[in-house]
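Residues in the sequence shown are numbered consecutively from 65, following our numbering.
Ideal Cβ placement from N, Cα and C applies to all residues, glycine included.
Values in this document were obtained by computation on a predicted structure and should not be read as measured data.
Please read the structure below before turning to the comments.
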Amino acid sequence: MTEIDPKDDILGRARVRDNDELKEYYDELANIDTGALWTVANDIEPWEPTPKSAPIIWRHSDLRKQVLRAIDLVRPEDAGRRVVYLRNPKRQDVSAACGWLFSGLQVMKAGEKAGAHRHAASALRFIMEGEGAYTIVDGHKVELGGKDFVITPNGTWHEHGISDEGTTCIWQDGLDIPLTNALEANFYEVHPDDYQSTNLPTNDSPFSYGAPGLMPALDKWDKPYSPLLKFSWEPTYEALLNYAKVTDGSNYDGIIMRYINPQSGDDPMLTMGAQMQMLRPSEHTKSHRHTGNVIYQVAKGSGYSIIDGRRFDWTEKDIFCVPSWTWHEHCNNDGNDDACLFSFNDFPVMKKLGFYKEQALSENDGHQTLTT
Ligand SMILES: [Fe+2]
Ligand SMILES: [Fe+2]
């Protein structure tokens with residue numbers, strides 16, 4: 065250690081000054097694969113989280129044409145998944161979009177189907193455009209429409225495709241691949257029969273578990289994830305509109321609802337959560353920050369978010385991220401219509417491990433000062 069940060073020059077922090085004898089000692093420790101904790105302690109134990117990811121926006125106007133180009137360049141049978149992934153410039157080493165979360169845009173055209181596989185990472189998708197998309201999760205086939213949110217929990221066999229009568233579809237994938245790899249727990253298998261065979265009725269999951277406030281009386285679901293595999297846009301939006309009639313909402317998120325496992329009320333999957341929020345006309349939320357990473361997709365409307373002092377203007381289907389412990393506030397700049405943000409996060413991991421923490425910005429009436 066050469067320089068000591070004035071903040072660390074106190075009792076309780078490492079503030080040992082180097083000298084020749086210590087340097088010789090450090091060399092000898094290194095020779096036996098050891099080190100003196102006080103030389104690294106302040107780095108490995110920061111005063112507060114130091115997110116590695118950059119706040120960033122990926123614009124749909126840039127993404128869509130490049131994603132569509134992939135159709136002519138690779139076949140899903142060869143690519144496995146025809147996905148253009150969102151690469152945070154500061155997380156290239158782990159192929160993450162933000163924190164330990166992966167995201168990408170997948171494109172398939174009518175009649176295409178990708179082989180079944182399973183992995184230890186959990187996955188979700190949010191449908192951006194097209195008709196006729198379906199996904200099969202452990203034999204449960206669900207048909208998907210625009211702005212539907214779908215889960216493929218960890219360890220489940222799954223495959224995606226587009227019906228012959230459908231159109232080219234694009235959806236956002238979200239996975240916790242970087243987290244699973246960081247925990248050195250990832251597995252991947254392709255299905256022994258290439259595709260799943262199922263005798264279950266199509267849409268049996270949403271038809272059994274998709275009615276609000278109701279569960280099948282003979283429910284026997286015993287998995288640690290949601291029996292409801294698809295959360296449709298229309299009832300989600302209606303829920304936000306109704307909730308807005310009776311609440312002022314969150315200071316930081318407007319009208320916001322969590323997608324849940326209807327059996328338990330928990331998050332739909334063990335490691336990732338998802339939310340849909342509505343910013344009312346001209347609503348500008350206050351700023352807060354919390355542990356956990358969030359990736360947003362604009363589901364409706366236009367506006368901007370201020371993240372770490374920078375303004376990111378967004379419109380429908382743009383995707384942006386808020387890294388852990390980073391100040392953020394959202395604004396709908398349309399005075400007549402609401403704006404909706406879909407988002408997914410790693411909050412379930414943060415909460416289960418006891419790491420979830422949240423803080424409101426107290427100065428400047430809760431609003432950040434723009435740095436650029
Ligand atoms: Fe997958
Ligand atoms: Fe937040």
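| Check | Outcome |
| --- | --- |
| Rounded C-beta distance between Gly210 and Glu193? I'm assuming under 8 Å. | 6 Å |
| Can you name the start and end residues of the alpha helix (DSSP H) that Gln130 belongs to? | 124-137 |
| Can you grab the Cα-Cα spacing for the pair Tyr273 / Glu67, in whole Å? | 59 Å |
| Going by DSSP in three states, Tyr289 sits in which element: helix, strand or coil? | coil |
| What distance in whole Å lies between the Cβ atoms of Arg353 and Trp378, which are believed to be in contact at a cut-off of 8 Å? | In fact, because the Cβ distance is near 19 Å, the residues do not count as touching under 8 Å. |
| Tell me Ile191's beta-bridge partners as DSSP assigns them. | Trp235 |
| Going along the chain, which residues of its own chain have a beta-carbon closer than 7 Å to the beta-carbon of Leu93, five neighbours each way excluded? | Gly99, Ala100 |
| At what residue ranges does the segment 175-232 contain a whole run of the beta strand (DSSP E), taking only runs of 3 or more? | 181-183, 187-193, 197-201, 204-208, 213-216, 222-226 |
| To test your reading of the DSSP string, which unbroken alpha helix (DSSP H) runs of 4 or more residues are found completely within the segment 283-329? | 297-310 |
| Is there at least one non-hydrogen atom of ligand 1 closer than 7 Å to the beta-carbon of Thr244? | no |
| Is Ser290 buried or exposed, if buried means 16 or more other CB atoms sit within 10 Å of its CB? | buried |
| First and last residue of the alpha helix (DSSP H) that includes Asp107? | 105-108 |
| Can you tell me where the beta strand (DSSP E) with Ala143 in it begins and where it stops? | Where Ala143 is concerned, there is no enclosing beta strand (DSSP E), although the alpha helix (DSSP H) it sits in stretches over 140-143. |
| Which whole-angstrom value is the C-beta distance of Ser269 and Leu292, which I expect to be below 8 Å? | 6 Å |
| Evaluate the contact criterion for the segment 349-366 versus the segment 150-169: three or more CB pairs, one atom per stretch, below 8 Å. | yes |
| Going by other Cβ atoms of all chains shown within 10 Å of its Cβ, with 16 needed for buried, is Gly418 buried or exposed? | exposed |
| For Pro345, I'd like the list of residues in its chain whose CB is within less than 7 Å of its CB, leaving aside the five on either flank, ordered along the chain. | Asn396, Asp398, Gly399, Asn400, Asp401, Asp402 |
| Nearest CA to the CA of Ala438: which residue from Met336, Lys309, Ile108? | Nothing about residue 438 can be reported from this structure: the residues present for the chain run from 65 to 436 only. |
| In angstroms with no decimal places, state the Cα-to-Cα distance between His394 and Pro288. | 33 Å |
| Could you check how far apart the C-beta atoms of Phe271 and Phe406 are, in whole angstroms? I think they sit under 8 Å. | Actually they do not touch by this definition, with Cβ atoms about 23 Å apart. |
| Please tell me whether Leu226 and Lys294 are closer than 8 Å, where the distance is taken between their beta carbons. | Per the sequence shown, residue 226 should be read as Ile rather than Leu. No. Outside cutoff. |
| Going by C-alpha distance, which of Asp330, Gly373, Arg133, Gly144 is nearest Gly430? | Gly373 |
| Could you compute how far the alpha carbon of Ala246 sits from the alpha carbon of Val80? | 32 Å |
| I'd like to confirm the pairing. Which residues does DSSP put opposite Asn409 in its beta bridges? | Gly337, Val358 |
| Using 8 Å as the threshold, is the C-beta distance between Tyr301 and Cys404 below it? | yes |
| Comparing alpha-carbon positions, which option in Gly196, Leu304, Glu253, Asp237 lies nearest Gly219? | Glu253 |
| Would Val206 and Asn267 qualify as a contact pair, given that the criterion is a beta-carbon distance under 8 Å? | yes |
| State yes or no: is the beta carbon of Lys87 nearer than 8 Å to at least one beta carbon in chain B? | Given the protein chain composition of this structure (a single chain), no chain B is represented. |
| With hydrogens ignored, establish whether the beta-carbon of His222 is closer than 7 Å to any heavy atom of ligand 2. | no |
| Starting from Asp377 and walking both ways along the beta strand (DSSP E), at which residues does that stretch end? | 374-379 |
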